[in-house]
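**Q** For reference, the structure I am asking about is given below.
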Amino acid sequence: MYAPKSHPLVSLLRVWIVLILGFLPAFVTGQSSKAHIVVDSRTGKILEGKNYTDKLPVASLTKVVTACVVLDWTTARNSDMNTLMTVPAEAFVEAGANPLGLQAGDRISIRDGLGSALMASDNISAYTLAHHIGTEMWQVDGGKARSAIEFFVSQMNLLAEARGMSRSNFVNPDGYDGGRAKGVSTAADMARITNYAIKKPSFNFIVGQKQRDVSFMRGPEQLAFRIYNTNTLLEQFGVDGVKTGRTSRAGDCLITSVRKPDRIEILPGNRQLRTPYHLIIVVLDSTDRFRETTSLISRGWGKYESWLAAGLPMSAKDKLDMP
């Protein structure tokens, strides 16, 4: 039987339709990452997730762990956050972001180093923090580490273990993954450490800033800079942090803290029932981390309201343990 051949333009149109339909689900839902998780920070209720226990590189999200170790140590020692740290030559062995143009021998305060590392994703500042704090820790502990950096990273992994991050292993303080050793974590584990980090007022203050003036010393000269937060979602949709990350291996990553005003119900006896609204969202290896997170914020609140209306049921399988 004779079957008429399709016109070339018709065949091409069919190919385009197939391609468009193939991409449509991801476009509509905004899901483009390898892994993501949406968690209620108070209870650990997992409202949505995908591959969130898969081990993946997390790029500069690593700096959240670095900041926690620094803040834990400086708080315990009642350290002066204006103490100047010397940028070590070793900080430049690995390639990485250096938005301030730091050079070996420059001196920057712990406070401004944290600001640049967390807001501008500054690898050199992160390494300098680890070297300075790691040296103090190493001297106190007298351990067997070969260097201050190695000792600091060991403390990062001890903190991760203490926070239930059983599928994480960090190899440096900045998230650089171009060397032989490669750190890994999971979306669930990064939500765990974020829930720990946001309980620190100084951490929250830094990651919630859209811009910040910092300075450092180069010899006798003071150089001043204004840095800008790499998180473009800040102050939109209730977003008040936390951290971006990006390498060619890890793809685009983002941790987000998002809030709405607490719900307050008046109970008999003029008592009040306060229900906090605070989500932690993590996306790893996304093709559009900001757009995807925006979609997850909307869906997350919708699922939160449904869960609240159902009486907040929760089982072990949909609860993220956050010690």
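Residue numbers are given in numbering that gives the first Met the number 0: position 256 of the sequence shown equals residue 255, and the series is strictly consecutive.
For glycine and all other residues, C-beta sits at the position ideal for the given N, C-alpha and C.
Everything numeric in this text was worked out from a predicted model, so none of it was measured.
Where do the ends of the alpha helix (DSSP H) carrying Tyr303 lie?
**A** Numbered from 1 along the sequence shown, position 304 holds the residue referred to as residue 303. Run containing Tyr303: Arg288 to Ala308, per the alpha helix (DSSP H) assignment.
**Q** Taking the beta strand (DSSP E) that Ala196 belongs to, which residues open and close that run?
**A** Here residue 196 is taken as the residue at index 197 of the sequence shown, counted from 1. Here Ala196 belongs to no beta strand (DSSP E); instead the alpha helix (DSSP H) covers Ala186 to Ala196.
**Q** Specify the secondary structure class of Gly240 as computed by DSSP and reduced to three states.
**A** Counted from its first residue, the sequence shown places residue 240 at position 241. If DSSP states are grouped into helix, strand and coil, Gly240 belongs with the strands.
**Q** Would the region 148 to 158 count as touching the region 59 to 78 if we require 3 or more Cβ pairs under 8 angstroms?
**A** With the cut-off at 8 angstroms, the region 148 to 158 and the region 59 to 78 touch.
**Q** Which value, in whole angstroms, describes the spacing of the CA atoms of Ser78 and Thr286?
**A** Here the question's residue 78 lines up with position 79 in the sequence shown. Here the question's residue 286 lines up with position 287 in the sequence shown. Whole-angstrom Cα-Cα distance: 41 angstroms.
**Q** What distance in whole Å lies between the Cβ atoms of Asp284 and Ser32, which are believed to be in contact at a cut-off of 8 angstroms?
**A** Position 33 of the sequence shown, counting from 1, holds the residue named residue 32. Position 285 of the sequence shown, counting from 1, holds the residue named residue 284. Confirmed, Cβ separation roughly 6 angstroms.
**Q** I'd like to confirm the pairing. Which residues does DSSP put opposite Gln271 in its beta bridges?
**A** Working through the sequence shown from its first residue, we reach residue 271 at position 272. According to DSSP, which records beta bridges pairwise, Gln271 is partnered with Ile265.
**Q** Whole angstroms is fine: what's the gap from Tyr227's alpha carbon to Asn81's?
**A** Counting from one through the sequence shown, the residue named residue 227 turns up at place 228. Counting from one through the sequence shown, the residue named residue 81 turns up at place 82. Answer to the nearest angstrom: the Cα atoms are 20 angstroms apart.
**Q** What are the partner residues of Tyr126, as DSSP defines its beta bridges?
**A** Position 127 of the sequence shown, counting from 1, holds the residue named residue 126. None; Tyr126 has no bridge partner.
**Q** Give me the Cα-Cα distance between Lys209 and Pro219, rounded to the nearest whole angstrom.
**A** In the sequence shown, residue 209 corresponds to position 210, counting from 1. In the sequence shown, residue 219 corresponds to position 220, counting from 1. For Lys209 and Pro219, the distance between alpha carbons rounds to 29 angstroms.
**Q** Between the Cα of Leu295 and those of Ile279, Leu113, Leu307 and Val69, spot the shortest distance and give me the residue it belongs to.
**A** One-based indexing of the sequence shown puts residue 295 at position 296. Checking every option, the nearest Cα to that of Leu295 belongs to Ile279.
**Q** Under DSSP, the alpha helix (DSSP H) around Val63 begins and ends at which residues?
**A** Here the question's residue 63 lines up with position 64 in the sequence shown. Thr61 to Arg76 is the extent of the alpha helix (DSSP H) around Val63.
**Q** Kindly give me the distance between the Cβ atoms of Asp111 and Phe215, rounded to whole angstroms, as I take these residues to be in contact under 8 angstroms.
**A** Taking the first residue of the sequence shown as 1, we reach residue 111 at position 112. Taking the first residue of the sequence shown as 1, we reach residue 215 at position 216. Yes, they are in contact, since the Cβ atoms of Asp111 and Phe215 sit about 7 angstroms apart, within 8 angstroms.
**Q** Measuring CB to CB, does Ala90 end up less than 8 angstroms from Tyr126?
**A** For this step, residue 90 is matched to residue 91 along the sequence shown. For this step, residue 126 is matched to residue 127 along the sequence shown. Cβ distance < 8 angstroms, so Ala90 and Tyr126 count as in contact.
**Q** Considering only residues of the same chain and omitting the five flanking positions on each side of Met321, which have a CB-CB separation below 6 angstroms?
**A** Counted from its first residue, the sequence shown places residue 321 at position 322. Contacts found: Gly43, Arg191 and Asn194.
**Q** When you compare only the Cα positions, how much space is there between Lys302 and Lys318?
**A** Here residue 302 refers to the residue found at position 303 of the sequence shown. Here residue 318 refers to the residue found at position 319 of the sequence shown. Approximately 14 angstroms between the Cα atoms of the pair.
**Q** Can you tell me whether DSSP reads Gly95 as helix, strand or coil?
**A** Working through the sequence shown from its first residue, we reach residue 95 at position 96. In the structure shown, Gly95 sits in coil (DSSP, three-state: anything other than H, G, I, E or B).
**Q** Look up Arg225 in the DSSP assignment and give the residues it is bridged to.
**A** Counted from its first residue, the sequence shown places residue 225 at position 226. In DSSP, Arg225 forms a bridge with Asp212.
**Q** Please give me, in chain order, every unbroken run of the alpha helix (DSSP H) with length at least 4 that falls completely inside the region 133 to 173.
**A** Complete alpha helix (DSSP H) runs here, min 4: 147 to 161.
**Q** For Thr28, which three-state DSSP category applies?
**A** Translated into the one-based positions of the sequence shown, residue 28 becomes position 29. Unreliable placement is indicated for Thr28, whose pLDDT of 46 sits below 50; no coordinate value is reported for it.
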